[in-house]
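For the record, the sequence lines run as chains A and B.
Note that numbering that gives the first Met the number 0 has the first sequence beginning at 0, numbered continuously upward.
Note that numbering that gives the first Met the number 0 has the second sequence beginning at 0, numbered continuously upward.
These notes concern the structure reproduced below.
Protein chains: 2
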Amino acid sequence: MTWTQLAVFSKVVEMGSFTRAAEVLHMSQSAVSHAIAGLETEFGVPLLIRDRKHGIVVSDFGRRVLDPMRVILNRVAQIEQEAAAAQGLEAGTIRVGSFPSTFARLLPKIVSVFEKQLAPIRR
Amino acid sequence: MTWTQLAVFSKVVEMGSFTRAAEVLHMSQSAVSHAIAGLETEFGVPLLIRDRKHGIVVSDFGRRVLDPMRVILNRVAQIEQEAAAAQGLEAGTIRVGSFPSTFARLLPKIVSVFEKQLAPIRR
DNA sequence: ATACCTTACGTAATACGTAATAATC
DNA sequence: GATTATTACGTATTACGTAAGGTAT
């Protein structure tokens, strides 16, 4: 069970089609098929009933697990946001402006101190 | 980000030690170290502060993501339970009793018919 | 024929283990 | 020296793509 697989399954259900899910997710239809097949063999239960006439129908089991899967996807997104935010705190650019003459001697000292304070954060 | 990684991180926090988490999870300490390192490089933010004296301390970021991670793990467990339950419906053992003499000829036929009906379910 | 899913096969990524290394008590 | 985390390296798994194959309209 992979996030990609969960995302794929969720999107396939949403779109009602492997091909269109593949387009939206920017992957090959083969990858979509693999993803669903992978989940199904892992669970030993079909998730989707392939009906050529009416497109894709979600199996009983599929309906059961769809909700927890979407919860998972939401949480994953949340974690990634947290990560991005945390990174932002550390990886932001710092801009310093000054009068050329005044800070010519002061700046190096300030930068030096600042870098020392930064050292432990960098690790 | 893998479930294993999430489970490892969660357990490391719980145990306060890589080694003990490894024991509980039946994996090598190296695998535990890999798992945490993998998460940290993926996020670009440290999850744990390694303090040899006081064991493991969870970073600020780690504390933030711990909760959603545990939610994910719970949902995963839930999905697996659903799968097991759904499988149980299909994978149960069937026991057939009979008088030796009476069913000697009948049984093969019955089994044959039964297997034919089973065919579509097995796929 | 066309639209859609599946299968075969190759490849690149990676999760994990063993074993060696480093560091702290 | 004992305990614990990291690193190096090898391997087996696997996610994914390309391309070919079924199947139904």
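Here a beta-carbon is modelled for each residue, glycine too, at the ideal position from N, C-alpha and C.
Cutoff 7 Å: residue i Cβ touching any chain B Cβ
i, result
"VAL56/A", "no"
"ILE93/A", "Low confidence applies here, because ILE93/A scores a pLDDT of 47, under 50, leaving its location unreliable; read the following figure in that light. So, not an interface residue."
"ALA85/A", "yes"
Chain A within 7 Å of residue i, Cβ atoms only
i, result
"ALA76/B", "no"
"GLY61/B", "no"
"VAL70/B", "yes"
"ALA82/B", "yes"
"GLY43/B", "yes"
Proximal chain B residues relative to residue i, where beta-carbon distance stays under 9 Å
i, result
"MET0/A", "TRP2, VAL75, ILE78 and GLU79"
Range of the contiguous beta strand (DSSP E) that encloses residue i
i, result
"GLY37/A", "First-last for GLY37/A: 28-42, but that is the alpha helix (DSSP H), not the beta strand (DSSP E)."
"LEU46/A", "Where LEU46/A is concerned, there is no enclosing beta strand (DSSP E), given that its DSSP letter is neither H nor E."
Limits of the alpha helix (DSSP H) - the one that residue i falls within
i, result
"LEU24/B", "17-24"
"THR1/B", "THR1/B -> no alpha helix (DSSP H), and no H or E assigned at all."
Selected residue, minimal CA-CA separation from residue i, among the options
i, options, result
"ARG63/B", "SER32/B, PRO45/B and ALA34/B", "PRO45/B"
"VAL75/A", "ALA82/B, GLY43/B and ARG69/B", "ARG69/B"
"ILE78/A", "HIS33/B, LEU65/B, ALA83/B and VAL31/B", "LEU65/B"
"MET0/A", "LEU24/A, MET26/A, HIS33/A and VAL11/A", "HIS33/A"
"GLN86/B", "SER29/A, SER16/A and PHE42/A", "PHE42/A"
"ALA30/B", "THR3/B, ILE71/B and GLY54/B", "THR3/B"
"VAL12/B", "SER27/B, PRO67/B, LEU47/B and ALA84/B", "LEU47/B"
Partners in chain A for residue i, counting only beta-carbon separations shorter than 8 Å
i, result
"ALA34/B", "Those within 8 Å of ALA34/B in chain A number zero; the least Cβ separation is about 15 Å."
Within chain B, the residues that residue i reaches when beta carbons sit closer than 7 Å
i, result
"VAL64/A", "ILE78 and GLU81"
Residue i beta carbon near the ligand HEM (any heavy atom closer than 6 Å)
i, result
"HIS53/B", "This structure does not include the ligand HEM; it has no bound ligands of any sort."
- Are there three or more Cβ pairs, one per stretch, closer than 8 Å when the segment 37-54 of chain B is compared with the segment 2-13 of chain B? yes
- Query: On the three-pair Cβ rule with 8 Å, is the segment 58-76 of chain A touching the segment 17-30 of chain A?
  - Reply: no
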